[in-house]
Amino acid sequence: MRVHSITTSKLTYARLFALAAMSLLIVLIVPFLGEGLVGFLENHTLNLGILYAIIVGFIMSIVTNRRQTLENNVHLELNKIRRIYHLSLHLKKTNASLTGWYEDVRAALRIYLTRFKDARFLAYAGGDKQFRRVTYALYGLPAVEKEYNGDLYGALLDAAASATEAREAVHAALDPVIGRFQWFALLLVTFSFCMSFAAMTPTSPLERALSTTFIFTLFFVLDLLYEYDRPNEIMQNHLAALYINDLDDAEGFLKKIIRKR
């Protein structure tokens with residue numbers, strides 16, 4: 161699955177078509193101001209271009225780093241959840257009286273992981289209650305049984321702490337980086353750049369077509385920023401599937417080991 165692909169989204173195509181139409185409209189509406197003002201406009205357009213590149217490059221760096229942080233912490237959380245499952249299972253194997261406790265932990269894990277069948281991944285915060293059920297079950301072991309492997313339980317608590325930290329990082333990474341004011345600043349610089357460039361473009365069809373392409377490229381970069389600032393539907397479905405299948409993957413791995421023995 162190409163999780164970063166946006167090419168299957170009809171909304172994306174509609175938005176790009178609208179941006180292409182707006183680029184053409186700018187070129188058609190803004191008149192050529194004549195050779196006398198081209199020199200004046202060139203200097204200001206160059207300055208706007210540099211400002212545009214700095215702002216877009218800076219924000220793009222933040223957005224892409226945040227996306228990578230999101231994916232890394234999702235995988236870290238799921239890794240620690242699998243570790244929680246395995247450690248809980250081994251604790252049960254060392255003490256049969258922990259079977260009830262283990263089943264509670266396993267049920268809590270499955271409830272948390274499978275919630276994404278009915279919720280979009282952007283509703284991640286809605287799983288806080290289910291995740292707390294997992295941690296409460298883990299922390300409650302000393303009240304359930306006095307005799308257990310202390311080293312395994314310590315490793316279990318460490319895994320739970322790491323999963324909790326990863327969840328906090330996922331929470332933060334899901335919030336959009338670009339706010340309304342930042343979008344206003346980006347659009348203001350972009351439109352100013354486009355208007356200046358269109359005003360320097362002579363009236364010949366070829367030159368106007370080239371200007372349209374250039375202006376559309378600027379808008380396309382903004383659309384790319386928009387797409388990366390929030391997980392698209394393909395990405396959301398991919399991340400949700402990772403959670404839904406995490407416990408099954410862990411149990412399936414154990415079954416393969418048992419069969420090989």
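For what it's worth, the numbering used here labels the leading residue of the sequence shown as 161, then goes sequentially.
Virtual Cβ for every residue (Gly too), placed ideally from N, Cα, C.
- Here I338 carries a coil assignment [DSSP, helix/strand/coil].
- Residue environment: L378 is assigned as buried (16 or more neighbouring CB atoms within 10 Å of its CB, all protein chains considered).
- Assigned with DSSP and collapsed to three states, M395 falls in helix.
- Under a 10 Å Cβ-count criterion, F177 is classified as exposed, with fewer than 16 other Cβ atoms of the shown protein chains found around its own Cβ.
- If you draw a straight line from the Cα of D383 to the Cα of E411, it is about 41 Å long.
- Here L269 has I241, I244, Y245, V294 and L407 as same chain residues with Cβ atoms under 8 Å from its own Cβ, once five neighbours each way along the sequence are excluded.
- Taking all protein chains shown into account, R340 has fewer than 16 neighbouring C-beta atoms within 10 Å of its C-beta and is therefore exposed.
- Going by DSSP, F374 is part of the alpha helix (DSSP H) stretching over P365 to Y388.
- According to the DSSP assignment, D278 belongs to no alpha helix (DSSP H), since it is labelled neither H nor E.
- The C-alpha of V349 is placed about 8 Å away from the C-alpha of L211.
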